[in-house]
Each structure stands twice: as structure tokens, then as C-alpha cells.
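Peer 1: Quick one: structure below, then a few questions.
Number of protein chains: 2
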Amino acid sequence: MSDAREITIYEVGPRDGLQNEPDDVATPVKRELIERLVGAGIPRIELTSFMSPKWIPKLADADELSKIAPRDPGVAYAGLIANQRGYDRFLDADLPVLALVVSVSDTHNRKNLNRGTQETLDAFRPITEQAKRDGKTLRMYASTCCGCPYEGRISTAQAMGVIEQLVAMGADEVGIADSLGVGTPDQIREVVQAAKGIFPADKLALHLHDTYGRALVNLMTGYDEGIRIFDASLGGLGGCPYAPGASGNLATEDVVDLFEGMGIPTGVDLDALIDTTLWLEQDVLKRPLPSRVFRAKAAKRGQDAG
Amino acid sequence: MSDAREITIYEVGPRDGLQNEPDDVATPVKRELIERLVGAGIPRIELTSFMSPKWIPKLADADELSKIAPRDPGVAYAGLIANQRGYDRFLDADLPVLALVVSVSDTHNRKNLNRGTQETLDAFRPITEQAKRDGKTLRMYASTCCGCPYEGRISTAQAMGVIEQLVAMGADEVGIADSLGVGTPDQIREVVQAAKGIFPADKLALHLHDTYGRALVNLMTGYDEGIRIFDASLGGLGGCPYAPGASGNLATEDVVDLFEGMGIPTGVDLDALIDTTLWLEQDVLKRPLPSRVFRAKAAKRGQDAG
Chain G
555 MSDAREITIY EVGPRDGLQN EPDDVATPVK RELIERLVGA GIPRIELTSF MSPKWIPKLA
615 DADELSKIAP RDPGVAYAGL IANQRGYDRF LDADLPVLAL VVSVSDTHNR KNLNRGTQET
675 LDAFRPITEQ AKRDGKTLRM YASTCCGCPY EGRISTAQAM GVIEQLVAMG ADEVGIADSL
735 GVGTPDQIRE VVQAAKGIFP ADKLALHLHD TYGRALVNLM TGYDEGIRIF DASLGGLGGC
795 PYAPGASGNL ATEDVVDLFE GMGIPTGVDL DALIDTTLWL EQDVLKRPLP SRVFRAKAAK
855 RGQDAG
Chain X
555 MSDAREITIY EVGPRDGLQN EPDDVATPVK RELIERLVGA GIPRIELTSF MSPKWIPKLA
615 DADELSKIAP RDPGVAYAGL IANQRGYDRF LDADLPVLAL VVSVSDTHNR KNLNRGTQET
675 LDAFRPITEQ AKRDGKTLRM YASTCCGCPY EGRISTAQAM GVIEQLVAMG ADEVGIADSL
735 GVGTPDQIRE VVQAAKGIFP ADKLALHLHD TYGRALVNLM TGYDEGIRIF DASLGGLGGC
795 PYAPGASGNL ATEDVVDLFE GMGIPTGVDL DALIDTTLWL EQDVLKRPLP SRVFRAKAAK
855 RGQDAG
């Protein structure tokens, strides 16, 4: 039986995290990362993106990784695309969830995708129609929903203008992204309440960044408003390359520990997740990862080990 | 006119922060820090503690610092003590607010003050009587209200047992301290609601640590329950030397930016505070301070400067 309090983690580390890492991570190592995440009980993973390797060189192995990622009936993989060429590769890769991102901020969208917000939405329309025919699940993000590094504060009305179009295209899930982490709880509440007027709360997701330390207070606000799907990145890996000063994504460990501490099931084995992040930090990336829960628990393990 | 939404920062950096720094900070530099905090609009500052220099060597200059700290009619300085000898020094130092800390966890209290919780409370009683006669304001903390590194989770009933005694001693303000940062919003809500049954909400303070990234979500929960006084430490300086794995205090910048972002007045000039933390980090401590807001804003200043 499902618990109405239960939450679902949508893990973005392999895509949103690794695309921003300075060092290359070998495809078999990425496969091991995915396998470990699946083993820790993460039910949904944004595996990679099918962008031009010129733009996102760290994810140039998207086709190969998709082929070798371990398939598990309990886990849904998503692949991010930006255009028809990406969709064709995504289709070959045989992943169930198509992820699409558009910025509410026109300037941010131009920096990110080289065209305006409306132009991007218009280009997405035929792709989403095809994806529907191909039986794909549509995960569509509206990014910079709270603020933009170029345009400043984004109004809720402006964000809803974009979300309405995503819903009209047949989104199965809409991700409300505060890509800069500038949102405050009152703003998140206003955005989520407005979005609930357009789309069911249980199909909304929150994608938060911890730039100003507010990711968890914003997440809790979203939870109180009925949101149950939360994007997170193991160890707090990653960020947004086009948002100056933006720090990492909200860490998966921080989300899991908060909810489990309140008796709200996440389905994730925190110890196994910390094993994974420790391995990623020490054996792969060789740089400290920012998750507070990971850091505190890893320090405690060190102490307990003497 | 006072705004019922307005909050008050109780700055603990000079005491709770500097006592844990590896390097000595010269007394005139501490004086400059205090002066800068006052200039940034911080209305209440825990200046120092009057403990044995054998225990807290970094604050051995408490008497001298108290003499030279700039007096401002809008700022109330507090001094922390643990016994009668400390009270005598505090009295000589002529500070208006007497701060006293006791741990709800008996084991934590023994590690911290070398005696049990009840023994500490009994020893505080005659001191608080004298302080009342001396016209001092009593700021009394109950620490480890949510959990203890030795005893695990602390029950709300156990915390209330201690808080009741602090109230009976005539506390003017009671600080609810989650010294380990283990509290979750539901637990903070339960503790605050119980405390409001004993003591007025506007005389309660929250003292939170950000070990697991939950300080701001817990702070917001306390705010929603009517708490308006929040302890914080500039830059996120400090921690608890007797709580293994505990990371820094909640950062003052993170608190100010959250509330000001919601239009809730704090009375603090965030830019002036960031100037102060930048000076402390670069010219005094020469190590990076963890506040998320400070880090993001300092990075942005660097970018804007080219």
C-alpha cells in the first residue's frame, strides 16, 4: 500500500551533477554509479543528456551509457534532450522518460539553449507529440521559476505562462526549478499554489538548489503544499553552468535524512547512498562533496573507525 | 512602531564561534569585530564567556574585552558564565545580560560542565537570585533539546523538565538549543509548542546548528510557531567542542537573507555584515567560513569586480 506521506526522489546527479565536473568520468564508472544508486533504492534517475558533445562534453557517452546501464523494473531512467537530433538519439537509447528543460527567463534560455523561451517551447511541441506516440513519459522542467541571474526576480505569473504551455503539450510531470536557489518559502508557496491550479500536485516536482542554504526549507514548503517528487543530486554534486554563483543541487542525502527523520518514507537506504557518495568522492572525483548529511555521517564513520 | 513579524538576531559568533577557533584572535581585533557587528545593526551580542582560561583559552581575555567593547545604547551585550567565580567576573565586566547554559542530556552536561544536569541547575539557583538583585537580564539556554551525541534522541518531556526549572529561576529569555543540529521540523514544532505552554513565545529563542543542513527549515518552523529571537553566528563560525561531528552554528547571513527575502525586518544591514565576515575570513582567521549566503555573495562580488 502506498503511503500518502511518502516521497519520491528523482536523482539528477549522473546528469546535472556529472555534466559540471571538471574531470572526465569513464563510462564504466558511470555505469557503476548508476548500479549503486539503483541498489540504494533510488527509483528514478536522470541518466544523461543527448546534447551535442560540443556543448556538454562530459556527457558525450550518453548513447553508450544508456546501452550498458543495468535495467531494473523498479527504476525509471530519464534522458534529457534539447532538439530533434537529441530526441532521435534518446529514442535509440530506449529510455522510458523524456526530460525537457525550458527557462522561464528568456535571457537565461538564450544563454542556455541559444534561443528564446517561446521559440524553445514551439520547437518542443512536435517532439512531445512524437514522444507521446512513442509511448514515452514526459518530464518537463520550467527552470528559473523564482529568479534569474540576468533578469532578477521572476514573477509567478511569468512562470505559470510557461508551465501552462508544458501542461498543454501533455507533460506527465512538471518540474518547478529554482535553478539559482534564490527562492524563499513564501515565493515557493505562491508558485506551487499557482501551479496546483493548472496541474495536479502529485505530478509536480520541485528542483531546488542550495546556493543560499534554503533548499530544505523550500522543499518542506513544497511538501506541505502536497508536492511529493523532489529532484536531488547525490552528495550535492553539480549546479547550473549558466547561472553565475549558483552552487550545487540539493543533496539527495539531505533530503532522505530529513524525511526519514520525520518518519516519512523515501524508499532510499541512506547508508547505501552514503557508501556510494564516499566511493564517488574518494575513488572517482577526488574532491569533497558538499552534502551536509554526507559530510557529517562520513565524519562520524571516520570517528567510529577510530 | 514595532512589526509583529520582525525578528531579533542574538549574535553568538564572538563567543560560541571564536572559542572554537584554532588560532588566537587578539583582543583589539575582537573589539573591532564587535564594533563592526554593532555597525551592521546587530542588536544583541554574546560578547564572551567568563570561564576558566584552562577550559576556554580563546576567551581568556573576557575581562579586558568587556572593558574595551564599544558601548551603544541600542545593543545589549551578554556574557556567559558557569559558576560563582564566573559571575563575579561578569559583574565586574558590567554587561547587562547574563547567559547560562545547561544541557538537557545529563551525559552531555557532565562532559561540558563536569557535573550532572540537576547539579548544574541547583548551582545556578543562587547565582540567578543574585543576578536578579543586581538588575541583570537572564538569558538561559537549554542545550541538546533534540538529541545528544551520547544519549541519542532527547524527549520533549525531558527538555521541558529543564526548561520549567529555568523559568522557575526567573529566566527573562529561554534559548532552546539543538546543539547537534539533529532536530527535524516536526520535533522542533513539538518542542516549541510544549515550551509555549510554560513560557511566552516572544521570550523564547532558538539556537540551531546546521550539521545536517536543517537549521533554516527548523528556524522557519519556530518562526511559524511565534518565535522571534534567533541565535546565529556570523559566517557560520563555531560549533560545539563537546559534540562530535557537530558543524558550525547557523550563519547570521543565512538568517538575515532568508527573512529579508520574505520582507520580514531583521534590522541588520546584510552588506555591512558581509563586509565584516569577509574581513574576518581574509584578514583575521584566514580560513573559509561556511555560510552559504556569505559564500554566494562574496563570489558574486568577486565576479562583479572582474
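Line by line, the protein sequences are chains G and X.
Letter by letter, the first sequence follows residues 555 to 860 in our numbering.
Letter by letter, the second sequence follows residues 555 to 860 in our numbering.
Beta carbons: idealized from backbone N, C-alpha and C, even for Gly.
Between which two residues does the beta strand (DSSP E) harbouring serine 620 of chain G extend?
Peer 2: Here residue 620 of chain G refers to the residue found at position 66 when the first sequence is read from its first residue. That residue, serine 620 of chain G, is in no beta strand (DSSP E); its alpha helix (DSSP H) goes 616-622.
Peer 1: Is the CB-CB distance between leucine 758 of chain X and alanine 786 of chain X below 8 Å?
Peer 2: In the second sequence, residue 758 of chain X corresponds to position 204, counting from 1. In the second sequence, residue 786 of chain X corresponds to position 232, counting from 1. Their beta carbons are not under 8 Å apart, which means leucine 758 of chain X does not touch alanine 786 of chain X by this criterion.
Peer 1: With burial defined as no fewer than 16 other Cβ atoms inside 10 Å of the residue's Cβ, what is the status of asparagine 663 of chain G: buried or exposed?
Peer 2: For the purposes of this step, residue 663 of chain G is taken as the residue at position 109 of the first sequence. Its Cβ being crowded by 16 or more others within 10 Å, asparagine 663 of chain G is buried.
Peer 1: Exposed or buried, what is asparagine 676 of chain X when buried is set at 16 or more other beta-carbons lying within 10 Å of its beta-carbon?
Peer 2: Taking the second sequence and counting its residues from 1, one reaches residue 676 of chain X at position 122. What sits at residue 676 of chain X in the sequence shown is aspartate, not asparagine. Classification for aspartate 676 of chain X: exposed.
Peer 1: Are the CB atoms of leucine 654 of chain G and aspartate 688 of chain G nearer to each other than 8 Å?
Peer 2: The sequence position of residue 654 of chain G within the first sequence is 100, counting from 1. The sequence position of residue 688 of chain G within the first sequence is 134, counting from 1. It is not a contact, given that the beta carbons lie outside the stated cut-off.
Peer 1: With a cut-off of 8 Å, does the C-beta of proline 842 of chain X fall near any C-beta of chain G?
Peer 2: As a position in the second sequence, residue 842 of chain X is number 288, starting the count at 1. Output row for proline 842 of chain X: interface = no.
Peer 1: If the criterion is Cβ atoms closer than 8 Å, does the pair threonine 820 of chain G and glutamate 814 of chain G meet it?
Peer 2: Your numbering for residue 820 of chain G matches position 266 in the first sequence. Your numbering for residue 814 of chain G matches position 260 in the first sequence. Contact: yes.
Peer 1: Under three-state DSSP, which class holds tyrosine 631 of chain G?
Peer 2: If you number the first sequence from 1, residue 631 of chain G lands on position 77. Strand, per DSSP.
Peer 1: Give me the Cβ distance between glycine 767 of chain X and leucine 770 of chain G, rounded to the nearest whole Å; I'm assuming they're in contact under 8 Å.
Peer 2: On the second sequence, residue 767 of chain X is found 213 positions in, with the first residue counted as 1. On the first sequence, residue 770 of chain G is found 216 positions in, with the first residue counted as 1. Glycine 767 of chain X to leucine 770 of chain G, Cβ: 6 Å. Contact.
Peer 1: Less than 8 Å between CB atoms is the rule here; does valine 583 of chain G satisfy it with respect to chain X?
Peer 2: Start at 1 with the first residue of the first sequence, and residue 583 of chain G comes out as number 29. Not one chain X Cβ lies under 8 Å of valine 583 of chain G.
Peer 1: So, lysine 621 of chain X versus leucine 652 of chain X, is the Cβ gap smaller than 8 Å?
Peer 2: Looking up residue 621 of chain X in the second sequence gives position 67. Looking up residue 652 of chain X in the second sequence gives position 98. No, the pair does not count as a contact, with Cβ atoms beyond the cut-off.
Peer 1: Thinking just about the alpha-carbon of each residue, which of X:Lys665, X:Gly792, X:Asp615 and X:Pro680 is nearest to the one in arginine 643 of chain X?
Peer 2: The sequence position of residue 643 of chain X within the second sequence is 89, counting from 1. The candidate whose alpha carbon is nearest that of arginine 643 of chain X is X:Asp615.
Peer 1: Determine the contact status of methionine 774 of chain X and aspartate 740 of chain G, defining contact as a CB-CB distance below 8 Å.
Peer 2: Locating residue 774 of chain X in the second sequence gives position 220, where the first residue counts as 1. Locating residue 740 of chain G in the first sequence gives position 186, where the first residue counts as 1. The answer is no: Cβ separation not under 8 Å.
Peer 1: For aspartate 660 of chain X, count neighbouring Cβ atoms within 10 angstroms of its own Cβ and tell me buried if that reaches 16, exposed if not.
Peer 2: For the purposes of this step, residue 660 of chain X is taken as residue 106 along the second sequence, with counting starting at 1. Under this definition aspartate 660 of chain X is a buried residue.
Peer 1: If you measure between the beta carbons of valine 736 of chain G and alanine 696 of chain G, is that distance less than 8 Å?
Peer 2: To locate residue 736 of chain G, count along the first sequence from 1; it is residue 182. To locate residue 696 of chain G, count along the first sequence from 1; it is residue 142. No. Outside cutoff.
Peer 1: So threonine 738 of chain G contacts chain X; which residues on that side make the cut at Cβ distance below 8 Å?
Peer 2: Counted from its first residue, the first sequence places residue 738 of chain G at position 184. Neighbours of threonine 738 of chain G on chain X, chain order: Leu812, Gly815 and Met816.
Peer 1: Between the Cα of tyrosine 564 of chain X and the Cα atoms of X:Arg841, X:Ala731, X:Ala749 and X:Asp858, which residue gives the shortest distance?
Peer 2: In the second sequence, counting from the first residue as 1, residue 564 of chain X sits at position 10. When each option's Cα is compared against that of tyrosine 564 of chain X, the closest is X:Ala731.
Peer 1: Could you tell me which uninterrupted alpha helix (DSSP H) segments, each at least 4 residues in length, are contained entirely in the segment 670-754 of chain X, listed from first to last along the chain?
Peer 2: Listed in chain order, the complete alpha helix (DSSP H) runs (minimum 4 residues) inside the segment 670-754 of chain X are 671-687, 710-722 and 739-750.
Peer 1: Does asparagine 663 of chain X come out as helix, strand or coil in the three-state DSSP assignment?
Peer 2: As a position in the second sequence, residue 663 of chain X is number 109, starting the count at 1. Helix at asparagine 663 of chain X.
Peer 1: Mind checking who valine 656 of chain G pairs with in its DSSP beta bridge?
Peer 2: Within the first sequence, numbered from 1, the residue matching residue 656 of chain G stands at position 102. Its beta-bridge partners are G:Ala696.
Peer 1: To which residues does DSSP link serine 787 of chain X through a beta bridge?
Peer 2: By 1-based counting over the second sequence, the position of residue 787 of chain X is 233. Partner(s): X:Ala805.
Peer 1: How many angstroms separate the CA atom of leucine 601 of chain X from the CA atom of glutamate 718 of chain X?
Peer 2: For the purposes of this step, residue 601 of chain X is taken as the residue at position 47 of the second sequence. For the purposes of this step, residue 718 of chain X is taken as the residue at position 164 of the second sequence. Taking the straight line from one Cα to the other gives about 27 Å.
Peer 1: On a Cα-Cα basis, can you pick out the residue from X:Gly571, X:Ala748, X:Leu760 and X:Ser603 that is closest to proline 844 of chain X?
Peer 2: The residue you call residue 844 of chain X lines up with position 290 of the second sequence. When only C-alpha atoms are compared, the closest one is X:Gly571.
Peer 1: With a cut-off of 8 Å, does the C-beta of valine 822 of chain X fall near any C-beta of chain G?
Peer 2: Position 268 of the second sequence, counting from 1, holds the residue named residue 822 of chain X. Not an interface residue.
Peer 1: Helix, strand or coil for valine 566 of chain G per DSSP?
Peer 2: The residue labelled residue 566 of chain G in the question sits at position 12 within the first sequence. Coil.
Peer 1: Ordered along the chain, which non-local residues of its own chain (more than five positions away) have a Cβ less than 6 Å from that of alanine 632 of chain G?
Peer 2: Within the first sequence, the letter at position 78 stands for residue 632 of chain G. Here the set comprises Glu600, Val651, Ala653 and Arg693.
Peer 1: At 8 Å on the CB atoms, spell out the chain X contacts of methionine 605 of chain G, in chain order.
Peer 2: Here residue 605 of chain G corresponds to residue number 51 of the first sequence, with the count starting at 1. Going along chain X, no residue has its Cβ under 8 Å from methionine 605 of chain G, so there is no contact; the nearest lies around 26 Å.
Peer 1: Could you tell me the alpha carbon to alpha carbon distance between alanine 859 of chain G and leucine 824 of chain G, rounded to whole angstroms?
Peer 2: The count along the first sequence starts at 1 and reaches residue 859 of chain G at position 305. The count along the first sequence starts at 1 and reaches residue 824 of chain G at position 270. In a straight line, the C-alpha of alanine 859 of chain G is about 19 Å away from that of leucine 824 of chain G.
Peer 1: Mapping the DSSP letters down to three states, classify glutamate 586 of chain G as helix, strand or coil.
Peer 2: Here residue 586 of chain G refers to the residue found at position 32 when the first sequence is read from its first residue. It is helical.
Peer 1: Roughly how far, in whole angstroms, is the beta-carbon of alanine 755 of chain X from the beta-carbon of glycine 780 of chain X, given that I think they are within contact range, below 8 Å?
Peer 2: To locate residue 755 of chain X, count along the second sequence from 1; it is residue 201. To locate residue 780 of chain X, count along the second sequence from 1; it is residue 226. Contact flag correct, Cβ pair sits at about 4 Å.
Peer 1: Rounded to the nearest angstrom, what separates arginine 590 of chain G and threonine 831 of chain G at their Cα positions?
Peer 2: Counting from one through the first sequence, the residue named residue 590 of chain G turns up at place 36. Counting from one through the first sequence, the residue named residue 831 of chain G turns up at place 277. If I take the Cα positions, the gap works out to 10 Å.
Peer 1: Determine, for valine 771 of chain G, whether the minimum Cβ-Cβ distance to residues of chain X falls below 8 Å.
Peer 2: Translated into positions along the first sequence, residue 771 of chain G becomes position 217. Taking Cβ atoms only, chain X reaches closer than 8 Å to valine 771 of chain G, which makes this a yes.
Peer 1: Under 8 Å between C-beta atoms, does asparagine 803 of chain X make it to chain C?
Peer 2: Any reference to chain C falls outside this structure, whose protein chains are G and X.
Peer 1: Please go through the same chain and pick out, in chain order, the residues whose beta-carbon is closer than 8 Å to the beta-carbon of tyrosine 641 of chain X, but skip the five residues on each side of it.
Peer 2: Counting from 1 along the second sequence, the entry for residue 641 of chain X is found at position 87. Excluding residues within five positions, the ones whose Cβ falls inside 8 Å are Phe604, Ile635, Leu652, Ile681, Gln684 and Ala685.
Peer 1: Can you list the residues of chain G that valine 847 of chain X reaches, using a CB-CB cut of under 8 Å?
Peer 2: Locating residue 847 of chain X in the second sequence gives position 293, where the first residue counts as 1. Going along chain G in sequence order, the residues near valine 847 of chain X (Cβ under 8 Å) are Tyr766 and Gly767.
Peer 1: Please classify proline 703 of chain G as buried or exposed, where buried requires at least 16 other C-beta atoms within 10 Å of its C-beta.
Peer 2: The sequence position of residue 703 of chain G within the first sequence is 149, counting from 1. Its Cβ being crowded by 16 or more others within 10 Å, proline 703 of chain G is buried.
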